[in-house]
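Numbering (the UniProt record's numbering), first residue to last: 1 to 393. From the three backbone atoms N, C-alpha and C, an ideal C-beta is built for every residue, glycine too.
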Ligand SMILES: Cc1cc2nc3c(=O)[nH]c(=O)nc-3n(C[C@H](O)[C@H](O)[C@H](O)COP(=O)(O)OP(=O)(O)OC[C@H]3O[C@@H](n4cnc5c(N)ncnc54)[C@H](O)[C@@H]3O)c2cc1C
């Protein structure tokens with residue numbers, strides 16, 4: 001039996017960071033992961049450059065059944081604390097857009113930093129370790145694994161969500177929560193591209209690869225970012241963001257002219273350039289393929305703009321400012337960046353991340369029902385929740 005103060009299951013962002021924090025307090029810590037490598041999601045995040053936090057992170061950027069739960073951890077370990085750590089390790093980084101901080105070189109800089117923090121704190125990391133069972137014992141927990149049996153006082157579950165099963169995501173954390181009688185809220189894929197009904201897909205297929213500036217709204221939440229037409233449906237930051245607010249049957253409202261109004265520029269064109277075709281005028285604002293598709297799809301008259309009636313201009317304007325699309329679903333966990341739902345925050349202390357029912361059992365990171373927007377917020381939750389638990393395990 002290998003005796004440790006703290007066993008952490010999951011060597012992802014939250015697990016590694018928690019291990020370093022607990023180790024710094026003099027606790028003997030071992031992180032167990034079934035994968036070959038640690039931090040696999042970090043390595044593929046942010047297109048290989050890891051959007052490791054967001055300068056503007058605040059509780060409003062997170063979805064949860066209890067939106068107040070994340071406040072405590074986020075305020076005790078902030079984005080500025082993590083940025084200071086990154087700077088201390090000499091990792092070059094930059095702001096890409098909207099406060100999103102990315103590594104200049106590679107996401108592996110962040111993984112190397114976490115491993116070095118664990119080493120400094122004396123926390124051990126064991127990979128290729130299958131967890132065969134977890135039981136409560138008199139002094140804490142017994143963890144049976146393919147690499148031996150462990151006993152620990154504190155057990156931290158940091159196994160993340162269900163997205164990207166190909167790189168090791170499993171429902172392990174939810175199962176442990178249920179085994180110990182904790183409520184798990186229904187899960188669904190978030191930050192995920194939409195798929196379309198066949199008729200829309202056929203009409204829009206030709207636009208695959210085109211990105212446009214949008215403001216997309218779903219269930220009263222709006223995001224002003226780019227949208228990308230794909231061969232399966234709609235993606236790009238604005239679509240990923242609203243996907244976290246979307247439920248089957250909901251309609252997306254997409255403003256394709258967040259800066260310029262077609263009513264204004266078409267009316268102006270009737271004065272300045274009356275013989276220009278509708279497609280020529282719209283072509284100044286949108287890619288040509290998109291103009292063609294929208295003209296065909298909506299039966300707009302592709303004639304000299306002088307012939308457009310007021311009501312035709314109004315109709316074009318309203319379609320472009322509130323293009324309504326009802327997706328038939330999402331691409332699901334295969335491509336989702338996050339999992340919404342998870343371990344009910346009512347079951348956990350927001351100060352320590354420990355279960356209110358089971359002494360010594362902690363849940364951190366994505367396995368908890370706290371999900372960030374796109375833009376570095378999910379890693380910030382991993383760091384903040386891991387730090388909070390790291391002070392108490
Ligand atoms: C493609 C992609 C890009 C992303 N980009 C960003 C980004 O740029 N910025 C951002 O903020 N967020 C991003 N995210 C989200 C972010 O990666 C996650 O929210 C974050 O990694 C969650 O951290 P975690 O430690 O809770 O879980 P994870 O990082 O998922 O770690 C969980 C660990 O647990 C292990 N594990 C799972 N099941 C078991 C088991 N049964 N036994 C043993 N070990 C197990 C896994 O192997 C894994 O190592 C991205 C996600 C994806 C999929």
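{"query": "Whole-Å CB distance - residue 282 paired with residue 308, under 8 Å assumed", "result": "Rounded, the Cβ-Cβ distance is 11 Å, inconsistent with contact."}
{"query": "C-alpha gap between residue 168 and residue 318, whole angstroms", "result": "45 Å"}
{"query": "Straight-line gap, residue 150 to residue 3 (C-alpha atoms, nearest Å)", "result": "6 Å"}
{"query": "Complete beta strand (DSSP E) runs within the region 281 to 369 (minimum length 3 residues, chain order)", "result": "323 to 325, 338 to 343, 361 to 363"}
{"query": "Residue 94 beta carbon near ligand 1 (any heavy atom closer than 7 Å)", "result": "no"}
{"query": "Cβ-Cβ distance between residue 193 and residue 155 below 8 Å", "result": "no"}
{"query": "In DSSP terms, what residue 214 is bridged to", "result": "225"}
{"query": "The region 29 to 38 touching the region 333 to 346, judged by at least three CB pairs closer than 8 Å", "result": "no"}
{"query": "Member of 391, 367, 387 whose CA lies at the smallest distance from the CA of residue 175", "result": "367"}
{"query": "Contacting residues, own chain, Cβ-Cβ under 6 Å from residue 378 (five flanking each side not counted)", "result": "338, 372"}
{"query": "Beta strand (DSSP E) runs contained entirely in the region 143 to 202, provided each spans 3 or more residues", "result": "148 to 157, 184 to 190"}
{"query": "Candidates 143, 375, 94, 26: closest to residue 8 by CA position", "result": "143"}
{"query": "Option nearest residue 229 by Cα separation, candidates 384, 211, 92", "result": "211"}
{"query": "Residue 124: first and last residue of the uninterrupted beta strand (DSSP E) it sits in", "result": "124 to 126"}
{"query": "Nonlocal neighbours in the same chain, by C-beta distance under 7 Å from residue 24, ignoring five residues either side", "result": "121"}
{"query": "Buried or exposed (CB count within 10 angstroms, at least 16 for buried), residue 257", "result": "buried"}
{"query": "Residue 365 and residue 190 closer than 8 Å at C-beta", "result": "no"}
{"query": "CB-CB length for residue 386 against residue 14, believed under 8 Å", "result": "4 Å"}
{"query": "Residue 65: first and last residue of the uninterrupted alpha helix (DSSP H) it sits in", "result": "Run containing residue 65: none; DSSP gives neither H nor E here."}
{"query": "Endpoints, beta strand (DSSP E) assigned at residue 259", "result": "Residue 259 -> no beta strand (DSSP E), and no H or E assigned at all."}
{"query": "Beta-carbon proximity check, residue 237 vs residue 374, cutoff 8 Å", "result": "yes"}
{"query": "Contacts around residue 260, its chain only, beta-carbon distance under 7 Å, and the 5 residues preceding and following it disregarded", "result": "285"}
{"query": "Local conformation of residue 279 per DSSP, three classes", "result": "helix"}
{"query": "Close-in-space but distant-in-sequence residues of the same chain around residue 99 (CB under 6 Å, 5 per side omitted)", "result": "54, 55, 56"}
{"query": "Own chain, CB closer than 7 Å to residue 132, minus 5 neighbours either side, in chain order", "result": "144, 145, 146"}
{"query": "Residue 409 Cβ short of 7 Å to ligand 1 heavy atom set", "result": "There is no way to answer for residue 409, as the model of the chain reaches only from 1 to 393."}
{"query": "Opposing strand residues paired with residue 52 [DSSP bridges]", "result": "For residue 52, which the question treats as bridged, DSSP gives no partner whatsoever."}
{"query": "When 97, 80, 105 are compared against residue 91, the one with the closest alpha-carbon", "result": "105"}
{"query": "C-beta atoms of residue 82 and residue 94 nearer than 8 Å", "result": "no"}
{"query": "Closest Cα partner of residue 203 within the set 61, 302, 184, 295", "result": "295"}
{"query": "Cβ-based burial, residue 60 [other Cβ within 10 Å; buried from 16]", "result": "exposed"}
{"query": "Under 8 Å between C-beta atoms of residue 328 and residue 240", "result": "no"}
{"query": "Supposed contact pair residue 107 and residue 43 - C-beta distance, whole angstroms, cut 8 Å", "result": "5 Å"}
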